[in-house]
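A short worksheet on the structure shown next.
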Amino acid sequence: MYLSVPGEDISLQTVEGKVEVHNNHGKDAECFYLNSLPPGYRFNPTDAEMIVYYLRKKVDHQPLPPNKIIEVNLYAYDPEELAARYEPSGKDERFNFTPRDRKYQNGQRPNRSAGNNGYWKATGADKEIIFEDRKVGYRKPLVFHRRNPPRGVKTNWMMHEFKVAEPPEPLRRTGVNEMRSDDCVLCRVYRKDDGRDRDCKRSRDKSVIDESSSSSKIPMLD
């Protein structure tokens, strides 16, 4: 599919399930695509839907449904950098397709380094994702730490990393990139509110409710 946007120096092209945005504005083009989805559109898939309808189709080079997933090398950046570059895909969260490399050439352990001064650390075991009575993939929880291990400082950046249960056939053979572990995983990245953030939000919400209640009162007639 190829779509030209009237009045804009922008075109959208679907290639093997990936929406490619062509113009001379770089990041602005990506934002344009995300904002071009219908009003009221919410991207809130379940774990199983993320794997079956998005990640599985992506690794199999099949067309994807409309989505708010940005393709980026997630492990090349600090999450603050990506938050500054991309608007949230949903409520304070972002979805990314990203490749994943090995930590050691002859090992299976993934490289969790991120940016120039941090790393993602797993906080639990893989959870099996079941869809229609069959295992379709796994979800791993991680938290971002700044500085290098073992002196890393835990942040409130969280991530769920999804991978398919069976990798596509080419990954089972020796490839050009010996360090590549997975050509594509799907990550949901979000910032967890601390207590102060929640208290501030409650205070703001209460103020809005109080103002709304005051403005909606109907004056009594004598």
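Reminder that position 20 of the sequence shown reads as 20 in this note's numbering, one-by-one numbering, no gaps. Just so you know, even glycine gets a beta-carbon here, dropped at the ideal spot from N, CA and C. Fair warning: this is a prediction, and the values are worked out from it, not measured in the lab.
### Message
Check for me: the beta strand (DSSP E) holding R102 runs from which residue to which?
### Response
It is not in any beta strand (DSSP E) - R102 carries neither H nor E in the DSSP assignment.
### C-alpha gap between K68 and N156, whole angstroms
23 Å
### Query
For L82, which three-state DSSP category applies?
helix
### For V52 and V185, believed in contact at Cβ under 8 Å, the rounded distance
Actually they do not touch by this definition, with Cβ atoms about 15 Å apart.
### Query
So is K103 buried or exposed if we call it buried at 16+ other beta carbons inside 10 Å?
exposed
### Terminal residues of the alpha helix (DSSP H) in which K68 lies
Per DSSP, K68 belongs to no alpha helix (DSSP H) and is neither H nor E.
### Alpha carbon of A125 to alpha carbon of P63, nearest angstrom
31 Å
### Message
Once DSSP output is grouped into helix, strand and coil, what is the label at K140?
### Response
strand
### Message
Quick check: is the beta carbon of R191 nearer than 9 Å to any beta carbon in chain B?
### Response
Protein chains in the displayed structure number just one, and chain B is not present.
#### Entry: CA-to-CA distance, H160 to R85, given in whole angstroms
Computed Cα separation, rounded: 20 Å.
### Query
Terminal residues of the continuous alpha helix (DSSP H) containing V59?
R56 to V59 is the span of the alpha helix (DSSP H), which, as asked, contains V59.
### Task
Evaluate P66 with the Cβ neighbour count: other Cβ atoms within 10 Å of its Cβ, from every protein chain shown; 16 or more gives buried, anything less gives exposed.
exposed
### Task
Measure the alpha-carbon distance for D133 versus A48 and round it to whole angstroms.
11 Å
### Message
Just to check my reading of the structure: V189 and N96 have Cβ atoms closer than 8 Å, yes? What is that Cβ distance to the nearest angstrom?
### Response
7 Å
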